[in-house]
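The structure under discussion appears below in the form of structure tokens.
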Amino acid sequence: MKLQDPVQQKTAMAIHWQHLQLPIGLKTAAVRTATDHLDLALPDFGEEGLILTFVNYKGELLVRSGRMPDEEGQPASPGMGLLSVADRPLAFRSSGPIHFSALVLFIPAQWIGVFLKSNAQFGKIEQVLATEENIITSRLGRRQMSLFSAALAHFESMGEDQLRIQNNVLSLLEYFLCNRHRSLLGVTAASDIDNEDDLSLIREVESYISEYYCSDTFTVDSILKKTYTSYHRLNFLFKSIHGMTISEYIRNKRIEKSKEMIADNAKSISQIAYEIGYSSISNYILAFKKVYQITPGKYKKQMDNLA
Amino acid sequence: MTVAGIAAGIEVLAVNVTMLAEDLVLNFLPSRGESSYILHFDEIDIPGNGDNDTAVPQSSPSAEWPHSSVSLSDVTFGKVVNYPKDRMIRSLIVRVRKASLEHLIQDFDAGAVNAILESAGHEHSITWPITFKYRLLLNDFMSEIVQHPFPELFTIRNISILIEYLLQQFFVMDKLGKEGNVLSIQDTHSLSRVEQHLCLHYKKEFPGIEKLSRISAMSPTSLKTKFKKYYGETLFGYYQKNKLEHARKLLDNKVPVKVVATEIGYSNPSHFTLAFKKEYGFSPWHYLNPH
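Keeping their order, the protein sequence lines are chains A and B.
Quick note on our numbering: the first sequence kicks off at 6 and runs consecutively.
Quick note on our numbering: the second sequence kicks off at 322 and runs consecutively.
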């Protein structure tokens, strides 16, 4: 991704979707930008159907779905796909600087009827999407990421190679649906792991973490020693099941716990930091901010005001 | 054998037989009313050829057609497809209405294609030798279509990709033809024998130029030049690309890197990792764990 000239970046123009109608009957749109502040809604295709969005970014991104403008939105992860219903609003926001690229695929209801309805499980996907503000997400693999960036590159050379864009997009769609199909059949929810040993290993690690995560001598290394696995292997398994690395998982657990402790209002923030295993308070504040986008002090104030 | 009507104007016929007991003749009658094209992608092989490397095929200039090939024909005049018995056949035949093909590919220049087909003689058909890309796609298609959760989507995706390959090849070949680089039928057969050998024996070591030269009945130098011109890759480059695509397929199926390396014929996994990285720009491990 090319970095824009910093002067240009500040006076960034409004971000636009670039649209393309694919020969096969799908519509697609793409955007690639580097900006200080992002608030981008999905384009409106004015038709009934489903929208599959692929996003990749560097920075912090929130996905806000549904009609609740006061909601902050869910944190996203780079390299993910989101399936949503076409007439519901969905927006991507970032309050800080961000490199953001997205590819949107609109699948008309009629097209779904011809190409997807023969799968009995597809009804389940529609059911999930029909309730409330649900979106279905899935992480992309290396193959999919390269399809994604190839499609974007073709977009930039504008429509020269529609057939390529079409093929990349169709492959992405197929991957997404097959991935979801597997998990909807209940093989293992939201993961590619279907090996019993791997699952029991993860369960063991999870219970070990929940027992010791507050101890200041607790490290990822101690887990590796206990379970005789390599760091890479464990991280890979964690990512496929939880969608985050093992250290992110531990951090989230600690921060969650600290949030409860703040809400109890019995201890000072530095006391809490030490109690959940942080050796330095600034590390703790940074971690808290990463998870909840607010410093623990401000959060405490908010809670106090509420009380 | 299965026939499926996919979307308006596209029909697909897939043939997947490990050993054909009798000659098979498919006769497409001249279409009445709307005219259409037939694209077909055939992989024809003698069963068991993949395992047995000892016999170097004899070069017979009479060349037993049909070979593995891809072709584009105007079916307005009818079309007969012939498969000889005792062969392994993997074939995908797509009939597309002209209007639908134009719809499928917006910048498709039907006029130019028609002109080339007309200049191809009374059969209104052009045929090219198959490449490993088609082989891999046909292989995937046949093995996965049976249990694919979204067969229609899967089929249209594959057809769309096949058309992309076909068009790419179409323009390359057309350009070569205009530059006067037309290969004789004999050369075409020789090269496709080499191509087939490189594709089928991807698990073994690169055969070496002497052997390939014997297979093709060409001198090493002219084999090298002609192959490069016709397939756009050096002999080794072609062999290596095909090999690594097979590796990637295995990685997609969650086969561990070490096993993949042995499976495609590397005795040392780090040699495989290096080759993979050279080809794709990232290591197998990073391919599996991109985030």
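Virtual Cβ for every residue (Gly too), placed ideally from N, Cα, C.
Beta-bridge pairing of residue i - partner residues as DSSP gives them
i: V391(B); result: F362(B), W449(B)
i: M409(B); result: D366(B)
i: K303(A); result: DSSP output for K303(A) lists no bridge partner at all.
i: H2(A); result: The structure shown does not extend to residue 2(A), since chain A is modelled only from 6 through 312, so no value can be given for it.
i: N348(B); result: V401(B)
i: I112(A); result: L55(A)
i: D495(B); result: DSSP lists no partner for D495(B).
Which listed residue (the options) has its alpha carbon closest to that of residue i
i: R37(A); options: I274(A), E161(A), N172(A); result: E161(A)
i: G101(A); options: L134(A), K63(A), P28(A); result: K63(A)
i: L108(A); options: L87(A), K122(A), N124(A); result: L87(A)
i: L178(A); options: K570(B), L504(B), N479(B); result: N479(B)
i: T142(A); options: L239(A), A158(A), R185(A), D41(A); result: R185(A)
i: L25(A); options: Q276(A), L168(A), A268(A), Y236(A); result: L168(A)
i: V133(A); options: K122(A), S89(A), H21(A), I170(A); result: S89(A)
i: L47(A); options: H21(A), R148(A), K272(A); result: H21(A)
i: E65(A); options: R93(A), D49(A), I103(A), A96(A); result: I103(A)
i: I267(A); options: D309(A), T250(A), L242(A); result: D309(A)
i: Y213(A); options: G146(A), I228(A), R147(A); result: I228(A)
i: P28(A); options: N172(A), S176(A), K129(A), S285(A); result: N172(A)
i: P351(B); options: H361(B), S394(B), V338(B), A335(B); result: S394(B)
i: A433(B); options: K406(B), F492(B), E485(B); result: F492(B)
i: S464(B); options: F603(B), K599(B), A335(B); result: A335(B)
i: K525(B); options: T583(B), K545(B), T542(B), K496(B); result: T583(B)
i: L30(A); options: N589(B), M539(B), L422(B), K545(B); result: Strictly speaking, residue 30(A) in this sequence is Gly, with Leu absent from that position. It is L422(B).
Rounded straight-line distance, which links the Cα of residue j to that of residue i
i: F181(A); j: I112(A); result: 13 Å
i: E554(B); j: E332(B); result: 33 Å
i: Q517(B); j: N610(B); result: 33 Å
i: P80(A); j: D366(B); result: 53 Å
i: Q126(A); j: R144(A); result: 20 Å
i: A195(A); j: Y358(B); result: Because the pLDDT at A195(A) is just 40, under 50, the model does not fix this residue reliably, and the value given afterwards should be weighed accordingly. Going from the Cα of A195(A) to the Cα of Y358(B) covers about 43 Å.
i: S205(A); j: N270(A); result: 37 Å
i: I255(A); j: C219(A); result: 10 Å
i: T33(A); j: T58(A); result: 10 Å
i: V119(A); j: F475(B); result: 12 Å
i: R408(B); j: R456(B); result: 16 Å
i: Q468(B); j: N460(B); result: 14 Å
i: D44(A); j: G399(B); result: 57 Å
i: F548(B); j: Y587(B); result: 25 Å
i: N373(B); j: I437(B); result: Note that N373(B) scores 45 on pLDDT, short of 50, meaning its location in the model is unreliable; the coordinates nonetheless yield the value given after this. For N373(B) and I437(B), the distance between alpha carbons rounds to 40 Å.
i: L458(B); j: S215(A); result: 47 Å
i: V377(B); j: V503(B); result: Any reading at V377(B) must be qualified, since the residue scores a pLDDT of 44, below 50, and its modelled position is unreliable; the value itself is stated next. If I take the Cα positions, the gap works out to 27 Å.
i: A249(A); j: T40(A); result: Looking at the sequence shown, residue 249(A) is not Ala but Met. Looking at the two C-alpha atoms, the distance is approximately 26 Å.
i: N288(A); j: T300(A); result: 11 Å
i: K419(B); j: L360(B); result: 12 Å
Beta-carbon proximity of residue i to residue j, cut-off 7 Å
i: G114(A); j: G54(A); result: For the record, residue 114(A) in the displayed sequence is Ala; it is not Gly. Taking 7 Å as the Cβ cut-off, A114(A) and G54(A) qualify as a contacting pair.
i: K564(B); j: I530(B); result: no
i: D363(B); j: S412(B); result: yes
i: A91(A); j: I56(A); result: yes
i: F453(B); j: C520(B); result: yes
i: L67(A); j: G78(A); result: yes
i: V396(B); j: F462(B); result: no
i: T448(B); j: S537(B); result: no
i: C183(A); j: P470(B); result: yes
i: V60(A); j: L110(A); result: no
i: Y552(B); j: Y559(B); result: yes
i: L613(B); j: I451(B); result: Residue 613(B) is absent from the structure shown; chain B starts at 322 and stops at 612.
i: K262(A); j: I290(A); result: no
i: S513(B); j: H388(B); result: yes
i: E138(A); j: S70(A); result: yes
i: A568(B); j: V581(B); result: yes
i: A292(A); j: I260(A); result: yes
i: L571(B); j: Y608(B); result: no
i: N257(A); j: V296(A); result: yes
i: A156(A); j: I170(A); result: yes
i: I286(A); j: S273(A); result: no
i: V402(B); j: L347(B); result: yes
i: S446(B); j: S505(B); result: no
Contact with chain E by residue i, beta-carbon distance below 7 Å
i: R238(A); result: The structure shown contains no chain E; the protein chains it does contain are A and B.
Taking Cβ-Cβ distances below 9 Å as the criterion, which residues of the segment 169-188 of chain A are in contact with chain B?
R169, Q171, N172, L175, S176, L178, E179, L182, C183, H186, R187
Would you list, in chain order, the members of the segment 106-126 of chain A that have their beta-carbon closer than 8 Å to a beta-carbon of chain B?
So the list reads V119, F120, L121, S123, N124, Q126, given in the order they occur along the chain.
In the segment 482-502 of chain B, which residues sit with their C-beta less than 9 Å from some C-beta in chain A, listed in chain order?
I482, I484, E485, L488
Selection of the segment 582-606 of chain B by Cβ proximity to chain A, strictly under 9 Å:
Cβ contacts with chain A: Y601, F603, W606.
What residues from the segment 22-42 of chain A come within 7 Å of chain B, judged by C-beta to C-beta, listed N to C?
The residues in question are P28, I29.
Which residues, in order along the segment 454-481 of chain B, keep a beta-carbon less than 7 Å from a beta-carbon of chain A?
Answer in chain order: P470, F471, P472, E473, L474, F475, I477, R478, S481.
Against chain B, which members of the segment 141-154 of chain A pass a CB distance test of less than 9 Å?
Listed in sequence order: R144, L145, G146, R147, R148, Q149, M150, S151.
Taking beta-carbon pairs under 9 Å, can you tell me which members of the segment 220-244 of chain A lie near chain B?
H237, N240, F241, K244
May I ask you to list, following chain order, the residues of the segment 537-556 of chain B that have a beta carbon less than 7 Å from some beta carbon of chain A?
none
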